[in-house]
Structure formats: C-alpha cells, structure tokens
Amino acid sequence: MLLTVDHVTNYTYDRPVRGVVQSHRLTPSRFDGQRVMDWVVSVTGGTMGGSFRDGAGDFVQSWTIAGPVTEIAVHVFGQVETADLAGFLKGHRETVPPLAYLRQTAATMPDVAIADLASAFTPADILGGAHVLSAAVSDKIAYAPGTTHGATTAAQALALGTGVCQDHAQVLIAAARIAGLPARYVSGYLQASSDGMAHEAAHAWAEVFVQGFGWIGFDPANRCCPDARYIRLGSGLDAQDAAPIRGISRAVGSKGAAAENLSVTVAIAAQEQ
Amino acid sequence: MTSYFNEMYHAEGLRDPYRWLEPWSADMPAGKRRAKQAEAEALFRRIGVTFAVYGEGGDPDRLIPFDMFPRVFTGGEWAKLERGIKQRARALNAFLVDVYGRGEIVRAGRIPAELVYKNAAYEKAVVGIIPPKGVYSHIVGVDIVRTGPSDFYVLEENCRTPSGVSYMLESREMMMRMFPDLFRENRIEPVDTYPDKLRRTLASVAPPKCEGAPTVVILTPGHFNSAYYEHSFLADLMGVELVEGQDLFVDGEFCYMRTTEGPKRVDVIYRRLDDEFLDPLCFNPASMLGVAGLMDVYRSGGVAICSAPGAGVADDKAVYTYVPEMVRFYLGEEPILSNVPTWKCGHHDDLKYVTENLADLVVKEVHGSGGYGMLVGPKSSKAEVEEFRARILANPANYIAQPTLALSTTPTFVDEGIAPRHVDLRPYCLVGEKIELVPGGLTRVALREGSLVVNSSQGGGVKDTWVLVD
Amino acid sequence: MLSRTADNLYWVARNMERAETNARLLEVGARMSLLPTAQGFRSDWDSLLRASGNLAGYTEKYGAPDQAHIESYLFFDRDNPNSVASCITNARENGRIIRTALTTQVWDALNTAFQELREIEGARTRQDLSHLTDWVMRQAAMLRGAIDATLLRNDGFNFLNIGYYLERGDSTARLMDVKYYVLLPRADFIGTGLDNDQWSMLLRAMSANRAFHWAYGGEITSAKIAHFLILNPQCPRSLITCVAGMNNHAARLAKLYGHETAATKAFAALLAELESQTTDQIFDEGLHEFLTRYITQTAELGRVIHESYLSGDIQ
Chain Z
1 MLLTVDHVTN
11 YTYDRPVRGV
21 VQSHRLTPSR
31 FDGQRVMDWV
41 VSVTGGTMGG
51 SFRDGAGDFV
61 QSWTIAGPVT
71 EIAVHVFGQV
81 ETADLAGFLK
91 GHRETVPPLA
101 YLRQTAATMP
111 DVAIADLASA
121 FTPADILGGA
131 HVLSAAVSDK
141 IAYAPGTTHG
151 ATTAAQALAL
161 GTGVCQDHAQ
171 VLIAAARIAG
181 LPARYVSGYL
191 QASSDGMAHE
201 AAHAWAEVFV
211 QGFGWIGFDP
221 ANRCCPDARY
231 IRLGSGLDAQ
241 DAAPIRGISR
251 AVGSKGAAAE
261 NLSVTVAIAA
271 QEQ
Chain X
1001 MTSYFNEMYH
1011 AEGLRDPYRW
1021 LEPWSADMPA
1031 GKRRAKQAEA
1041 EALFRRIGVT
1051 FAVYGEGGDP
1061 DRLIPFDMFP
1071 RVFTGGEWAK
1081 LERGIKQRAR
1091 ALNAFLVDVY
1101 GRGEIVRAGR
1111 IPAELVYKNA
1121 AYEKAVVGII
1131 PPKGVYSHIV
1141 GVDIVRTGPS
1151 DFYVLEENCR
1161 TPSGVSYMLE
1171 SREMMMRMFP
1181 DLFRENRIEP
1191 VDTYPDKLRR
1201 TLASVAPPKC
1211 EGAPTVVILT
1221 PGHFNSAYYE
1231 HSFLADLMGV
1241 ELVEGQDLFV
1251 DGEFCYMRTT
1261 EGPKRVDVIY
1271 RRLDDEFLDP
1281 LCFNPASMLG
1291 VAGLMDVYRS
1301 GGVAICSAPG
1311 AGVADDKAVY
1321 TYVPEMVRFY
1331 LGEEPILSNV
1341 PTWKCGHHDD
1351 LKYVTENLAD
1361 LVVKEVHGSG
1371 GYGMLVGPKS
1381 SKAEVEEFRA
1391 RILANPANYI
1401 AQPTLALSTT
1411 PTFVDEGIAP
1421 RHVDLRPYCL
1431 VGEKIELVPG
1441 GLTRVALREG
1451 SLVVNSSQGG
1461 GVKDTWVLVD
Chain Y
2001 MLSRTADNLY
2011 WVARNMERAE
2021 TNARLLEVGA
2031 RMSLLPTAQG
2041 FRSDWDSLLR
2051 ASGNLAGYTE
2061 KYGAPDQAHI
2071 ESYLFFDRDN
2081 PNSVASCITN
2091 ARENGRIIRT
2101 ALTTQVWDAL
2111 NTAFQELREI
2121 EGARTRQDLS
2131 HLTDWVMRQA
2141 AMLRGAIDAT
2151 LLRNDGFNFL
2161 NIGYYLERGD
2171 STARLMDVKY
2181 YVLLPRADFI
2191 GTGLDNDQWS
2201 MLLRAMSANR
2211 AFHWAYGGEI
2221 TSAKIAHFLI
2231 LNPQCPRSLI
2241 TCVAGMNNHA
2251 ARLAKLYGHE
2261 TAATKAFAAL
2271 LAELESQTTD
2281 QIFDEGLHEF
2291 LTRYITQTAE
2301 LGRVIHESYL
2311 SGDIQ
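Which chain is which? The protein sequence lines are Z, X and Y, in order. For the first sequence, this note's numbering gives the first residue as 1, with consecutive numbering after it. For the second sequence, this note's numbering gives the first residue as 1001, with consecutive numbering after it. For the third sequence, this note's numbering gives the first residue as 2001, with consecutive numbering after it.
Here's what the structure looks like:
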C-alpha cells in the first residue's frame, strides 16, 4: 500500500519563547514492512541540529529555534510504501538487547489489576499468550477519547476502563513485562479505513519480544496486529520515551516556560497498488 | 576478638615507612597538637572546604574532620596498587564499550545478561555509542581496604563521578603548610599534578566534531550541592569554567555556554550530575539542572560528556562481583587486586547463607552509596539485624553481603592522645588517551573507636596519604 | 566570561555596597536623633526609612518607627532583603557561587565578613550601633582592598566595579534624599544652624566631612554640598564620580570585547548630562526631583547592563 502522510503540529505560546529545543523521531523505521519513497520534515524558523540512528533503530533529528517566536509549526510530509507482515518487525536493525525492555517506568508501573491481567498469559505458547494478553487489554479498556490524558498511567487507565491508544499500549506493555516478555511502546501513523473501525491517525501501539520470532506489534486499540495501514516511527519504554516530538522552550525574560497550546492535524491517504 | 593490621606497628615493632613519624608524633604534646588542629580547622574553614551532609540538617558548612597523622605507603606497595587499579580501570571501560555494543561478555556467558541489561543503570539511550577514545569512565574512584602487610581488597568502584579528590589535595596542602619539616625528612611523591592531569585527560577525549583546542567545562548541579566546593576547586585549578545547566544551551549541532560576549562553544563537559538530570528531553523531564537537547548533541558527536552517560552500569555493586572476570575476559590477565568475597542475595544459596550469618556480615544496597542503607552485622543490635533481615527478604536482589573485613588501622590523633583507627583508601584513576594515577588518594578514617564505617556522612574523617619514594 | 559569573560578581559588589549604605543610613539616623530639635526623632527615622526605600517593609512588620526596631530591621532582619545581614549573606553567597572567579583574598574577605556576622548575630549582648556600623565599613573596605590588590584586571573586574559604582551612586542619592525628607515639613529651616548640622552629619555619614572642608572651606551651604556630592569629580562618592566610574569600566569592556553595547552608550550619555549640569540648574529642578530622576535612571542602567551582558541571551 502506498500511504501519503501530511502531519502538522502547531505550537502557539501566550508569550514569546526562545531557545526552543526539539528532538524528533519523525522518520519511518527501516524494516521489511515499509519503504520510504519521499519524506520531508520542516520546522518554521528552525535550525537542524545533530542527527543519528539510535540503538533501537530509530532515526533521531534534533532541531533548535532561537526565537523569540510565538508560533512553531512542525510539518511532516511524505510517502511510504507498506506491506502487511502480520505485525512482525522483520529486517529491523537494532542493537538494544530485548532484556532492556523488561523494566517498568513510572507510567507502566503495574498494580494488582495489571498483575491479574498478566496472569492470563500462558508461557507454554508465548506467541499465543501474547495475543491473549492483547485481546484482554482490548476487552478491559473501551475506546473513549477525552477520558484520559498524556500523563495517565497504565494502572489508572485500567482502573478507569476507558482510554485511547496510548492507554491500551501502556497497559499491554505493563502486563507483558510482568509476564516476563520484553515489551515497548511504538509511535507511528495509522490510515483510518472507510469502515470507521480504526481511529487516531497519529497512532501508538505495543511491541512484544517473542523468543524465536523477534519483535511483534500488537494494537489492542484496534484488536489487531499492525499491517499495511500502519507506519512505524519509533519506540520507547513508554509513551513519553517514544514520543515523536520531545521539546522544551523558555519564555523570553524569565526562566520559566510559557503556556503552550498544541494543535495537531494528520491526514493519511492510501493508494492501492 | 578480631586482630587488626596496624600499619605503623606490627608484631616486630615499628614498620619502616612510619619511622619518621614516631619521633614526630612523640614530640607533639597535647597543647601543641590542639593548637595545630585548631589552625588546620581554621584554615579549612577559611578556604571554604566544607561538606554538606544529605538529609542531616544542621550546619551546611560542616567541616570534614581532618586528622593530621599521615597514612603512609612504600613505593613498592604503591606500585602494586597502581598496576592493579589501572588494570581494573581498563577492564571496566572495555566492559562498558562492550555492553553498549555487541555484548560479547554476555554472549560468552561470563556475566548474566539480566544483571547487565535489566540493570536500572543500563542506559538504552546510549546503546551503540562508542565515546571518543573508547572511554566511558574517565575518572575511576577505587575504594580499597587493607587487611595485612600485602593484603589489599577492592571494596567497590565508582565509575561515574567519584568525589573527594579535593580532600586529597587540600590535606596535602595543609600538611605541607603546617609541618614542612616532615616533607624534608621524608621523600614523598607529590599529588598536586592531579588537576593538570585531569585537564589533559578531559581534553584528550574531545568529540569528533571539535576543531582546535577543546573547551572543557565542569557541569555542577549548583552551589547547594554537597560537593560544590570540590567542583569549584577543580575548575579553579584546571582553569576551566564551572557551569550550571542554565549556563549551557543547545543550538543546532552544538552545545554553547552563555557568556557576556555571546555564545561560546563547549566541547568537553566534565559533569558532576547524574545521568537522570542531564537532559530533560532524554531522561527525567522534570530536571531543572540539565541541558535540553544535550544528549542529541552528544549522540551526534558534537560534545563529549565525562563520565559518559551509562557508565553507572559498571559500578553497580552486583556487577562489581564480576570485575575480576572482566579483567580475564578483556585483558587476558589475572586480576592483581582481589575483590572482597561477595554474596548476592538475589541468588538462592547466597541468600540462605546471608540470612543465617547476618550478625557477622556487612550488607549493602546494590545501588546505595555514602554508607546509607547498609548493615554492619557485628556492630548492630539484634533488633537492627532483624529489621534488616526483613528488608533483605522483601527484595533480595537489591542486596549484597560481604564478610566484615578486618580493616587496617593507622595511628590517629584522638582526644586522649594517639590511638589506632580504621582506614580505607580511594585513589583516583584517570582514563583518557593515557591511563594515569597520581601517587596518593583519599584516606578516610573512622574516627569513632572501633567503628568500621569511614564515610564522611557517618562521622568519618580524612588524612593525608603519602607514597614514599623508595 | 559566563554571564552568570559576571552577574554574581556585579551583585557581590552591589550587595556589599548596599550593606555599607544601610550601615551609613543607620548612623545618620542615630546621630540625627541626638540633635536637640522640636521635631523629635520620630519623623527623622521615618524619613530615613522612606528615603532608603524600606518604609513599606518596616511598617508592615513593626508599625510605628522606633530606633531599636529600626536597628534590627536595617541591620539584622533576614526578612528584609536589604538589611546588612541579608546583604552580607547574599554577597557571600554570590561569591560562593563563583568561587573560581575570586582570589583567595577576596573570598577570604567575603567569608570572614559572613562568619563574623554569624558571631555578631549569635552574641548574647548586642553591640552598640557605632561599633556595628564601623564593623560593616571595615568589612566593606577589606573586600574592596582585596579586590583592588589581588583581582585579575579582566572583564570580571569591570563588572564588579560597575556594580560598585552603580550601587554607590544610588546610595549617595538616597542619603542626600534623607535630608530632603527630614526638611520636608519645615522648609524654613533652610540656612539655619540646624540645617547645617544635618548637612554636616550627612557628610560625616559618608566619611566625607573632612574631605568637604579641604575642598571648599568656610560655611557649609546646601549649594556647596550639592556640588560636592553631585558634581565634584574629586569626591569619591559623588554622582559624577560614580557615573564616570561606570563609564570607564564599560569603556574597558567595549575595548576588551571589541564592540559597544546599549550599556556603554547609556553610561556615556548620563555622564555627558551630569558634566553639563550646574548646581543652579539642580536647585531649579528641585533637589528631590533631581535625585528621584537619578535614582530612576540608575534603575534603568541596571536593566540595560543586565540585557547587555548579564542575561545570558546575548547574541
């Protein structure tokens, strides 16, 4: 499938800011399931900083905006050719050992309810067990935008029983780690299909490491594994660690931050080939 | 009753390296001693060598007690220590490059993968990075104890930001000022080359994108930090800027400091700040002490950070038990210095032994430092032992245990005159283009009679440490 | 030099000078209160607090002025950011932050002042005011001496001096303004013996009465005093000396850095303005009005220095 991405993130500030620094993971991963045809990221008023591919295989590009500015637009535009690998992250080059993804973070710190969820895992069949876990998360958390926010932890989301893709992914990660499976948070894009099933074009899901198979993606928010509708950008221990844009700004004339307003528009168009 | 090795007097009488100190100390009546002690204290306070103790409240300008009785090593003793320390520093750096690269030592089964990769100090963010000259830990502080004439054990390493080197330098300064005659009678190796060696070490690991002479800075958490005096002292002696996170910023591919003339590029950062606080974009987002975007600059070769982020995985107390294995694996040598036998409470058999023998052991938290969160079995009450037992059983993998070592003693000035007190030693090994070690270190002394805890936060003091020219 | 280092050097000087000013203010107040006058001492203390900008803070804490409370407030009170104790503590803290930019002697002077302050604060019996003010001036002089004798003549030295002169000019203006407030209720005292006594005390508080007599001789008149404290470049605390000092050090910075800044221009403009002034013009404008304007200009200079060198956002 040929997916076209048009993604604009607009930051507006109540006071002028300067010394804005951003770290981007906005470039599609390199693996057998996707091939970049064209990809451009631009930042209004920005200077491109250092870039590198990190140990997890993600391409990181830093940007700075000297300012003062009151508005910053990050524009991502590109085309990616994707293939359905049933969630398997085949051909992805990375050197971080899977064991490093067993540690929990503040956002994934499990409670009793997550431990209960994890007990559904059957070690005899790891791959099957992972599917069971993912399905259990889908059952426990109903999709309901606006009920959680960026800082909601896995335990809180599970207790609430509602959330968005970030919450589904973090609960699955937390549970998988308890079950002894290395797991991570993945950020990317999803092309919403016409049947209205898939939601959230700027999307997130989880990957679980299964011995003998490698990393496999699970999207409990959509009860499936990533396929040709998905574009993978980067990964991390939790939502914050995997964020496509991490940034910080300083208000002019003070050391504090200015109030920031964020608006995001994402359009993903598909072309069957 | 355990017998302790007294470094000045042994069975056959006075040991040779101390021969000048016997008449010197005998010629020190209580009045003169107190006057000298007061002079030393006044000098320390005037120059501002103070040490704030975490969480103890009270006087933030507390002095670390200084004991005027020097601790002495022969050139021969030092030569062995030096070889052993450098060997470990090399092995530890090889280990760090390896575990952030292919992990050969893990693949070879010489150290458990979980211990390394699940370790909280293992930084996923620096996997694949080989810092300039292949050095992760540029200053390795090695804590050594002595139990006999030629018996030395390494207690632990600090591969991140070992502190205390200012006390090594100031103690020497103080002794030379107060007792110049001693330095005429004894031929004592100088230690004051340390700042210059440190500066050269740091400059030697400038990043690939650095052009010309590198600009080196020391990054401090700020003047409220307990080691702030040391940070400013080293900056001063090296002639480099002492910066706080707010003085640095990232622009494009580089890191700059804010000066009265505008931005000035920084090439090498000797940070005295934990990984967690270095960069809010990469680590703790709430950190106000670090520099936003610094890790991206580091990872793309625009700046060197010393010690390199991630170095902490090498000085974890559980990883420590494998350092002799690292020496064999990477260097193909036998370790010159021994480890203290260590039981890992995370192992079932070890845990059994530890809980059965708690009253005779020293138990430490794997990630603890500064003498906190530790149990000294023989010096603890039954209730304290039982309380600690519960803590160990709640989280065994968080603890290691070691036998109570018979730490050597050296004569120390106390209220009643001169008495033996237990000591340890922390030399500072510099690793850059070269590996260097100044002949000396920080001798910490447990001032309370019978105490084996030398940490300055727990009532320990410091002494000048001499290495004699043989 | 790091902007933060320059900023702390500048504040070492400003804080120490401010401590000295407060000590001098206290001395003026104490002496004025000894004068036999129908006004009593109450309004004099009031004027002093007002002129030094301490009135609101004091009143909130203690209400009506009385000498014992004013002494504590201006000397010991840590709640008062401008008290001698606060200023010395801040100056030492500024110095501690940038320990590496100071020589041992300079640090020693700052640290000794702080350690002795703690002894004074801890002492059971309070020393009398004249001892305390002498002590403060001695500490300030020792610091000043250590700076002049040992500090490298680099950019930091210039920032220190700019801080000193800025604060000192401000202090001279404020001390002169005390006189204005004292006289405010009874303008008819001008030219009387009382008026002259007050002027004389002001000079004494600035350790300048001898100097004044050497320079002018004869009767003390308000015109001579105003000339001496505002326009005479021989007087070490006159406004023109302070502005010339700032201008000189800013010019050195411009030479060192190879470019002028908004601050160098502002200093030069203010100096030119003072150089063209006469005492007649000042009295025409009104002494109080003139001093108020100078104090405002000083605050503006502080802002410009901050933006030109100290803020860390210099391009």
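Glycine included, C-beta positions come from ideal geometry on N, C-alpha and C.
- Take the alpha-carbon of residue 1341 (chain X) and the one of residue 1299 (chain X): they are about 38 Å apart.
- CA-CA distance, residue 1068 (chain X) to residue 1015 (chain X), rounds to 19 Å.
- In this model, residue 191 (chain Z) and residue 106 (chain Z) are separated by some 30 Å (Cα to Cα).
- Here residue 2246 (chain Y) carries a helix assignment [DSSP, helix/strand/coil].
- Interface residue (Cβ-Cβ distance to chain X less than 9 Å): residue 52 (chain Z) is classified as such.
- Each residue's CA atom was taken as its position, placing residue 1247 (chain X) and residue 2108 (chain Y) some 26 Å apart.
- The DSSP-derived three-state label of residue 2162 (chain Y) is helix.
- Secondary structure note for residue 2122 (chain Y): it is in no beta strand (DSSP E), and the uninterrupted alpha helix (DSSP H) holding it is 2104-2122.
- Residue contact with chain X for residue 2088 (chain Y): absent (no Cβ-Cβ distance below 9 Å to any residue of chain X).
- Residues of chain X with a Cβ closer than 7 Å to the Cβ of residue 248 (chain Z) are, in chain order, 1280, 1281, 1292.
- Contact between residue 79 (chain Z) and residue 4 (chain Z) holds: CB atoms are separated by about 5 Å, below the 8 Å threshold.
- According to the DSSP assignment, residue 165 (chain Z) belongs to the alpha helix (DSSP H) that extends over 165-178.
- Residue 2061 (chain Y) counts as exposed, since fewer than 16 other beta carbons sit within 10 angstroms of its beta carbon.
- Taking a Cβ-Cβ cut-off of 9 Å, the neighbours of residue 2006 (chain Y) in chain X comprise 1259, 1260, given in sequence order.
- In this structure, the alpha-carbon of residue 1367 (chain X) lies about 33 Å from that of residue 122 (chain Z).
- Here residue 2228 (chain Y) is buried, its C-beta having at least 16 other C-beta atoms within 10 Å.
- Taking a C-beta cut-off of 9 Å against chain X, the contacting residues of the region 86-114 of chain Z are 94, 95, 96, 97, 98, 99, 100, 101, 102, 103, listed in chain order.
- In the three-state scheme derived from DSSP, where H, G and I count as helix and E and B as strand, residue 109 (chain Z) is classed as coil.
- The alpha-carbon separation between residue 249 (chain Z) and residue 47 (chain Z) amounts to approximately 15 Å.
- Here residue 1420 (chain X) is bridged, per DSSP, to X:1411.
- Cα atoms of residue 1193 (chain X) and residue 1438 (chain X): separation of roughly 7 Å, rounded to the nearest angstrom.
- For residue 1276 (chain X), no beta strand (DSSP E) encloses it; the enclosing alpha helix (DSSP H) starts and ends at 1275-1278.
- Judged by DSSP in its simplified three-state form, residue 1165 (chain X) adopts helix.
- Excluding its 5 nearest sequence neighbours in each direction, residue 1374 (chain X) has C-beta neighbours in its own chain below 6 Å: 1364, listed in chain order.
- Secondary structure of residue 189 (chain Z) (DSSP, three-state): strand.
- Under the 10 Å beta carbon count, residue 1238 (chain X) is surrounded by 16 or more other beta carbons and is classified as buried.
- Beta bridge pairing from DSSP links residue 1392 (chain X) with no other residue.
- Nearest to residue 1112 (chain X) by alpha-carbon distance, out of Z:147, Z:36, Z:97, is Z:97.
- The alpha carbon of residue 131 (chain Z) has as its nearest neighbour, out of Z:176, Z:74, Z:201, Z:42, the alpha carbon of Z:176.
- Residues of the region 60-85 of chain Z with a C-beta atom less than 7 Å from some C-beta of chain X are 60, 62, 64, 66, listed in chain order.
- For residue 1251 (chain X), DSSP records a beta bridge to X:1254.
- Within the DSSP secondary-structure output, residue 1263 (chain X) pairs in a beta bridge with X:1258.
- The secondary-structure analysis by DSSP pairs residue 2209 (chain Y) with nothing; it has no beta-bridge partner.
- Following the DSSP letters along the chain, one finds residue 260 (chain Z) inside the beta strand (DSSP E) bounded by residues 260-271.
- Three or more beta-carbon pairs separated by less than 8 Å are not found between the region 2152-2164 of chain Y and the region 2271-2282 of chain Y, which leaves the two stretches without contact.
- Taking every protein chain shown into account, the CB of residue 63 (chain Z) has 16 or more other CB atoms within 10 angstroms, so this residue is buried.
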